[in-house]
Amino acid sequence: MFIDERTRTAQKHILDALYELTGIDGVEFHAEEIQRYRGNPYSAEFSNFLYCSELKLKSWFYSVHQLSKEQKVSLWSDITARCSMVSLVAPDEWGITTSISTLVEYLITDASGMSL
693 MFIDERTRTA QKHILDALYE LTGIDGVEFH AEEIQRYRGN PYSAEFSNFL YCSELKLKSW
753 FYSVHQLSKE QKVSLWSDIT ARCSMVSLVA PDEWGITTSI STLVEYLITD ASGMSL
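Just so you know, we're using the numbering used here here: the sequence shown kicks off at 693 and counts up by one.
Put into C-alpha cells, the structure is as follows:
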C-alpha cells in the first residue's frame, strides 16, 4: 500500500513535536520504531508507518492528569505550526487517548485546502 508524502510528513511532525515536548520517543518498547520513522519517514517501510500510526498519546503521557490543558494547546499549536496549518482548530477528541493515526487523519482531511 502506498502512503503519500503528506501523510508521512504529518505523522513525522507529530512524533517530532511529542519528542521535543517530552524528550522521549514513547514508552521504551516503542522508541526504536519511532526513532527509525522520525529519521527517515519517506522511505519507512509500510509496517513501520503503521506501527507509528497506531500509537496513542498515552505512550508519552502515562496519566490523563500529566498533560495539562495548556500543554495540550501548546502541543497542538506546535504540530499545526510544523504543518503550516496554524488556523486549524484541534479535533474535539484531542486528548490523552487520541491516536497518532487520528491526528494525522484529522490534519490531512480537515486541512481545508491548507498544504503541508
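Note that CB positions come from ideal geometry on N, CA and C, so glycine has one too.
Because the structure is a prediction, the values reported are computed rather than measured.
**Proximal residues to ALA702 (C-beta, below 7 Å), its chain only, five neighbours per side dropped** = CYS775, VAL796, LEU799, ILE800 and LEU808
**Request:** State the CB to CB distance for the pair ALA709 and ILE771, rounded to an integer number of angstroms; the pair is presumed to be in contact (CB under 8 Å).
**Result:** 5 Å
**Request:** Check whether the Cβ atoms of PHE738 and ILE788 sit closer than 8 Å, and answer yes or no.
**Result:** no
**Request:** Go to SER766, then tell me how far its alpha helix (DSSP H) extends in each direction, as first and last residue.
**Result:** 761–774
**Message:** With distance defined between alpha-carbon atoms, name the residue in PRO733, GLU746, LYS748 and TRP786 nearest to GLU762.
**Reply:** TRP786
**Prompt:** Among the residues of its own chain, which have a CB less than 6 Å from the CB of LEU749, if the five just before and after it don't count?
**Reply:** ILE788 and THR790
**Item:** Burial state of LEU759, where buried means 16 or more other Cβ atoms lie within 10 Å
**Value:** buried
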